[in-house]
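Report on the following structure.
Number of protein chains: 2
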Amino acid sequence: MYTLHFLSALAIKGRGNSQKPVHLREIAEEYDIPFKFLEQIAILMKSVGLVKGTRGKTGGYQLADPPESIDLARIIRATEGEILPCADIEGGNRAVNEILREIFQEQREWIDKKLATFTLAEIAEKARQHMEPAPMFYL
Amino acid sequence: MYTLHFLSALAIKGRGNSQKPVHLREIAEEYDIPFKFLEQIAILMKSVGLVKGTRGKTGGYQLADPPESIDLARIIRATEGEILPCADIEGGNRAVNEILREIFQEQREWIDKKLATFTLAEIAEKARQHMEPAPMFYL
DNA sequence: ATAGTCCCTATCAGTTTGATATGTTACATT
DNA sequence: AATGTAACATATCAAACTGATAGGGACTAT
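As you go down the protein sequences, you meet chains V and H in turn. For the first sequence, counting from 1, position 73 maps to 72 in numbering that gives the first Met the number 0; every step adds exactly one. For the second sequence, counting from 1, position 95 maps to 94 in numbering that gives the first Met the number 0; every step adds exactly one.
See below:
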């Protein structure tokens, strides 16, 4: 799943008031992802409304919304659909089917809430701290 | 994923002090699962130690442990491996990789704990209530 | 006009998953 | 001991998904 890396890259690079779109080639190089592959991911992310693209020479991609408002649950839902396998089955025992559906639905909602507590902004923030190590002479 | 249905069937049928193995043919019929397919699932479940089989005329399958001790987390781990996709990527940005690994690890542990609160015994209990509707003249 | 970017579609190889088929091994009953 | 019945094992297949590659079209700042 390169999706998260792509979105993280946009969140990290698109900080502050810059607002300038980021080139895919730039990300592809820094993240060592095949360019043409990354393009697919970008298009997919655009189709689900998580990013927006600008064409032309000064074009590129940027997040469609502020990174604080994009959480893990939303991303994962957009890319993988549901998180737990749906335990629903054609045929199967009716009663068991219903019970499992109930249980899994409840679990999914729980997981969703938990995943929603993490946003792209936090990921970007942590990654920045990681990349720019604190000065040695902090004092 | 028929696995859960299979295990639920064993939990429902193997109640009380019976201890008798359940025939796969019986489950296949009641749950409308292709018999030979169900056999594969049973063998797989045996290989991960969740059920045990008895051969011969009076043979069949039964849970390897009491249903109260078999929880959803254990089952899902045995059948699907990890729940969330591992966000780790060959290449990719080092910092982002590490951050994502941390976050996903934490989330996985959380989900695991949540899933571990549900056992086969509870599923079986609920399914039984569902199958044997309460008498109309309860009063 | 042109270079550089996003955008679209098709294709391919590997993996997984639902599903089928053919057999071999062990046990209980007769 | 022979037989039937069940678990056990292995191979194979088709559809779906995923990582990956390729060829071209559309748009925009310069």
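Don't be surprised by glycine CBs; every beta carbon is placed ideally from N, CA and C.
Using only alpha-carbon positions, find the residue among V:Arg24, V:Gly13, V:Ile75 that is nearest to Ala115 (chain V). Minimum Cα-Cα distance from Ala115 (chain V) among the listed residues V:Arg24, V:Gly13, V:Ile75 corresponds to V:Ile75.
Against His22 (chain V), what residues of chain H qualify as contacts under a CB-to-CB distance less than 9 Å, listed in chain order? For His22 (chain V), there are no C-beta contacts with chain H under 9 Å, since the nearest C-beta of that chain is about 16 Å from it.
Using 8 Å as the Cβ pair cut-off and three pairs as the minimum, do the segment 94-109 of chain H and the segment 48-56 of chain H touch? They do not touch, by the three-pair rule.
Using the rule of at least 16 other Cβ atoms within 10 Å of the residue's Cβ for burial, across every protein chain shown, is Arg73 (chain H) buried or exposed? Buried: at least 16 other Cβ atoms inside 10 Å.
Val47 (chain H) - DSSP class collapsed to helix/strand/coil: In this structure, Val47 (chain H) counts as coil in the three-state DSSP scheme.
Nearest-angstrom beta carbon gap, His22 (chain H) and Gly59 (chain H) [assumed within contact, 8 Å]: Your pair Gly59 (chain H) and His22 (chain H) checks out as a contact, with CB atoms roughly 5 Å apart and the cut at 8 Å.
Cβ of Tyr60 (chain H) less than 7 Å from any chain V Cβ? So, not an interface residue.
Quick one: which chain H residues come within Cβ less than 9 Å of Lys113 (chain V)? Ordered by position in chain H, the residues that pass the 9 Å Cβ test against Lys113 (chain V) are Gln106, Trp109, Ile110, Lys113.
Helix, strand or coil for Thr57 (chain H)? Go by DSSP, reduced to three states. Note: Thr57 (chain H) maps to coil in three-state DSSP.
For a contact defined as C-beta to C-beta under 7 Å, what are the partners of Val95 (chain H) on chain V? Simply His4, Ser7, Ala126.
Could you list the residues in the segment 34-48 of chain V with a C-beta less than 7 Å from some C-beta on chain H, going in chain order? From the segment 34-48 of chain V, no residue has a Cβ closer than 7 Å to chain H.
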